[in-house]
Amino acid sequence: MQRQILSRHTFRTILLLSCLIIATSIANAAVTVGKPAADFTAVDSNGKQHILSQYKGKTVVLEWTNHDCPYVRKHYGSNNMQSLQKEATDAGIVWLSIISSATGKQGHVSASQANELTQSRNAYPTAVILDEKGDIGRLYAAKTTPHMYIIDKTGKLVYMGGIDSIPSSNPADIPAASPYIKTALKSLAEGKPITDNVTRPYGCSVKY
Amino acid sequence: MTYNPIRFLRYIWLYRMLVITCLAWLYPMALNAQTSAQTVTTPHVSTSLVSERDGIEAGQSIWLALHFDIIDDWHTYWQNPGDSGEAPRIQWQLPTDFTISEIHWPYPQRLPVGPLMNYGYSNEAWLLVRLTAPDKLAMQEISIEARAEWLVCKEECIPEDGQFKLTLPVITTGDNPASVWADRIQAIQQHIPQTSPWPSSIRLEQNQIKLDIQLNQSSKAQLQDVYFFPDQYGIVDHAAKQAYTLTDKTLSLQIQRGDLNAQPLNQLQGVLVLSERLADGTITRAFAINSTTVTGTNLQHFFTILAFALLGGLLLNIMPCVFPILSLKAFSIIKTAAQEPVRVRRNGFVFTAGVLFSFALIAGILLLLRAGGEAIGWGFQLQSPVFVMVLAWLIFAMGLQFSGLWTFGENWMGSGQRLASQPSYLGTFFTGVLAVIVATPCTAPFMGTALGYAISQPAWIAMLIFLSLGLGMSLPWLLISLWPALSKYLPKPGAWMERAKQALAFPLYATAAWLIWVLAQQVNQQSLLYALLSLVCIAMVLWFWQNTRQASRAWRITAMVTILSLAGLMTVLAWKLEPAATMQTTAQQSWEHYTPELLSRYRAEGKPVLLNFTAAWCITCLVNEKMVLGTPDIQMELRDKGVVYIKGDWTNRNPAITRVLEQYGRSGVPLYLLFPSDPQRQAIVLPNILTKGIVQQNLQLLD
């Protein structure tokens, strides 16, 4: 009897360990389009917890941001980012703006500053995630602000790269650029494959 | 009209205002005309548009540069900024008919930012462009306007821009003075990547790009740093380490693929920066690389090649040296088919095995030779005079056979027939082997390219290509043995075959003539005469051979001795083929081997001398020779100025050279010395990284 319990315990340990190993290997493949996106747990500017895997069934957009970066200002100053956010969240898409700037570095904000920014800029993200340790940024190998990722309803990474196709800080370039995110979300909604699913992200470096 | 004093005063006032305003406009314009640079200063950079010359002549091309003087810890970006950032951009406004080049980017630095990697410039950045004036210039002066945008970053980034104007007077006197920027612009040109003088290729392996660069004789080169900067974003993982290995012939880089790894990669473009440790410090040079993928995941391409190999093998059967055997074999099959269909079928398979075995053997030998470091690419072989000579003999001998001077096919075919009529499977196997051997000379002129391609591939692909060729060759036999009825569609042998054979001799003679022409490029006139005589010997040998076949024993021994001695003579002549004055790519390179006596003799004669101390293992030296000193224009300039070009090879540490190196405070090569004609004057020491501009400028100092 005793032996049976022991072996059951061992069995559960092994199961747990293998789950861990599988989880780690998934994490390593986090930034491959077509593969399951790495899960993360994060706290937003209102203290609310967000677990990516709990959004299964919904499309999730991750937006790396730094309000002082000229390339972020290009898209917020022109209202391009806000209108994308509004269009997406209105369609039931979860939009997470992530700030991975380390404490003391450009773009780092407190929770209240983050909320003020959202308000003053008329932004419409589902939540603003504070990632000052840069864990989520490193997990997704986020390079620039902005750097965009889209995760589909099954939890698969389906897009990574730039917000559009013209790498500049000039808002005048927005109308001429291919709007990668807009197009990708449209294709997803229509159940079509995303044609440009890996593109060049451009902007300032993420201030890890 | 009445006089109105108030109105008059108003006119005076207006007039004065007009003059003042005009002066206010004209004053800065006058200032502009005098400065050769206009500078835009921001808190982070001071940016100037500058020119290497203080004027411009009609038809002239000059270097302009946008120069960024960057404060400490900040940087601007290269054409591919890496993981973040943005490359600067310039928009030009030029006078009519002027043209301006794309930006020539000096090679960048690696700028790591946390886990990311940027490519850019710190302290200062130079963006060079070449301005070309039209052949006719009516103006007194020209002004070039530019609008530039750039991003300057430390951790945070600031986009900046500026409007620049450069005014240059038009010079008609033919003497366009160098500006105060000339030296610095000249110096930065050493940082502009030069087209790589070495062939290179890429292979895709899972998530890696393997970049192979064929540096010859470089295994002893001491590399301190090797890095490949891709021209575009996403091709390689910028932050990943690039491992490299240097073998006898090849420098191999393992580069991690970047974000955009799902896209097919047919071409890799970028800049390879090599730092070579030499006795007197490290020399860094940049080379523009443009490599194509040799093999990779492209299966379709691979199968196409295999299909062509199969077709090529099939065609071998109608080659004059193979076709007669095929016909004879086909007859023997027809004869036996009715009685023993199973046996015939098995014979077909065994024959195929014999052919495949022979092709595998040839492939194996070639691959082994390649592994041993021999360069076997067909094209490369033609660079070896001895090889070209031997090939010419072979083709010429084949031609003579086709013309009917001698016969060699009869015997071989006879033995093939004999073996084929033997009941053993071993006999059939060797018929296959023989068919391949007989076919081999026929393949040489026609299959060269295909075989050359096969040899440049990884071993297993090369082997598969050879086997495909073999399969193609044995295919008709295989088909006939499986369905003997097919043989009635073959053309019947007859007198036409003999005529066809004789006619086919002429393409072979033409090939031999072409080979001799190739040889003429490689050897001197004396050796060319030997080579032509050796063809006469070939004809004699074969004639002897043919005419003593049925002769008495004594005759045959005499003939054999004569044949052997003639063959020996030819071999000696072939080995003695002397390279023409040039072994380099240029047609007429004239340099002499260094000896201290030679140098002092020329100096005493009052001749200017360019002395080049080099070594086979010094990449920098070889590149300087290939890209600058050995080029036709520099060679021409040396000849025009009567400069004697002397080369000292320090590959094996020649003590006479070591003494000169020490005299100039060097402990190793390269060392370039330009001695003026006046024996009293000191030598000019040229920099270790040569550009044509540097050499030309220094040659002018000789006058």
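Line by line, the protein sequences give chains A and B.
Count the first sequence with the working numbering and you get residues 909 to 1116, in order.
Count the second sequence with the working numbering and you get residues 1467 to 2169, in order.
Using N, Cα and C, we set each Cβ at its ideal position, and we do this for glycine too.
| query | result |
| --- | --- |
| Taking 9 angstroms as the cut-off, decide whether the C-beta atoms of N1754/B and P1572/B are in contact. | Reading the sequence as shown, one finds Ala at residue 1754/B and not Asn. No, these two residues do not count as a Cβ contact at 9 angstroms. |
| Does the segment 962 to 980 of chain A come within contact of the segment 994 to 1010 of chain A, defined as at least 3 CB pairs closer than 8 angstroms? | yes |
| Can you say whether N2090/B is buried or exposed, counting buried as having 16 or more other CB atoms within 10 angstroms of its CB? | buried |
| Checking 9 angstroms against the spacing of the C-beta atoms, do G1893/B and F1825/B come in under that value? | no |
| Compute the distance between the beta-carbons of V939/A and D1549/B, then report whether it is under 9 angstroms. | no |
| Counting pairs of Cβ atoms below 8 angstroms between the segment 1054 to 1065 of chain A and the segment 1018 to 1032 of chain A, do you hit three or more? | no |
| Here's a check: name, in chain order, each residue in its chain whose Cβ is nearer than 6 angstroms to the Cβ of E1568/B, leaving out the five neighbours to either side. | none |
| Do you know how far the Cα of P1547/B is from the Cα of G1069/A? | 15 angstroms |
| Leaving out five residues before and five after A1490/B in sequence, what residues of the same chain have Cβ atoms less than 7 angstroms from its Cβ? | Here the model assigns A1490/B a pLDDT of 45, short of 50, so the residue's position is not dependable, and the following value carries that caveat. The answer is none, since no qualifying residue turns up. |
| Hey, how far is the Cα of T1711/B from the Cα of K1676/B? | 11 angstroms |
| For a minimum of 3 consecutive residues, which ranges assigned as the beta strand (DSSP E) are wholly contained in the segment 2003 to 2089 of chain B? | 2075 to 2080 |
| Less than 6 angstroms between C-beta atoms, sequence neighbours within five positions excluded: which residues of the same chain meet that for S876/A? | In this structure chain A extends from 909 to 1116, so residue 876/A is not present and cannot be described. |
| Beta-carbon of T1091/A versus every beta-carbon of chain B: anything under 9 angstroms? | no |
| Count the other C-beta atoms from every protein chain shown that fall within 10 angstroms of the C-beta of L2167/B, then say buried if there are 16 or more, exposed otherwise. | exposed |
| Can you tell which of V1984/B, L1871/B, G2131/B has the C-alpha that lies nearest to the C-alpha of I2004/B? | L1871/B |
| Tell me whether the beta-carbon of A950/A lies closer than 9 angstroms to the beta-carbon of L1065/A. | no |
| Can you find a CB in chain A that lies within less than 9 angstroms of the CB of S1550/B? | yes |
| For Q1656/B, which of helix, strand or coil comes out of DSSP? | helix |
| Closest Cβ-Cβ distance between A1728/B and chain A: below 9 angstroms? | yes |
| Mind listing the chain A neighbours of C1623/B? Cutoff is C-beta to C-beta under 7 angstroms, in chain order. | C977, P978, C1112 |
| Out of curiosity, what's the CA-to-CA distance linking P1942/B and M2102/B? | 58 angstroms |
| Comparing C-alpha positions only, which one of M2036/B, L2035/B, V2007/B sits nearest to R2022/B? | V2007/B |
| Quick one: using the 10 Å Cβ neighbour count with 16 as the cut-off for buried, is T967/A buried or exposed? | buried |
| Taking the C-alpha atoms as reference points, what is the distance between L1860/B and Q2012/B? | 17 angstroms |
| For chain A, check one thing: does any of its Cβ atoms lie closer than 9 angstroms to the Cβ of D2144/B? | no |
| Shortest alpha-carbon distance to N1584/B belongs to which of T1639/B, L2165/B, D1697/B, P1561/B? | D1697/B |
| Comparing C-alpha positions only, which one of V2110/B, A1966/B, N1756/B sits nearest to P1659/B? | N1756/B |
| Between G1063/A, H983/A, Q1014/A, K956/A, which lies nearest to G965/A when the distance is taken from Cα to Cα? | G1063/A |
| Less than 9 angstroms separating the beta-carbons of I1556/B and R1596/B? | no |
| So, is L1948/B buried or exposed, given that buried needs 16 or more other C-beta atoms within 10 angstroms? | exposed |
| Going along the chain, which residues of its own chain have a beta-carbon closer than 6 angstroms to the beta-carbon of A1706/B, five neighbours each way excluded? | Q1722 |
| How would you list, in chain order, the residues of chain B whose beta-carbon sits under 8 angstroms from the beta-carbon of R1046/A? | P1581 |
| Using 9 angstroms as the limit for Cβ to Cβ distance, is E1590/B near chain A? | no |
| Which residues of the segment 1065 to 1078 of chain A have a Cβ closer than 8 angstroms to any Cβ of chain B? Give them in chain order. | M1068, G1069, P1075, S1076, S1077, N1078 |
| Are three or more beta carbon pairs between the segment 1089 to 1100 of chain A and the segment 1602 to 1614 of chain B nearer than 8 angstroms? | no |
| With H, G and I counted as helix, E and B as strand and the rest as coil, what does DSSP make of K2092/B? | helix |
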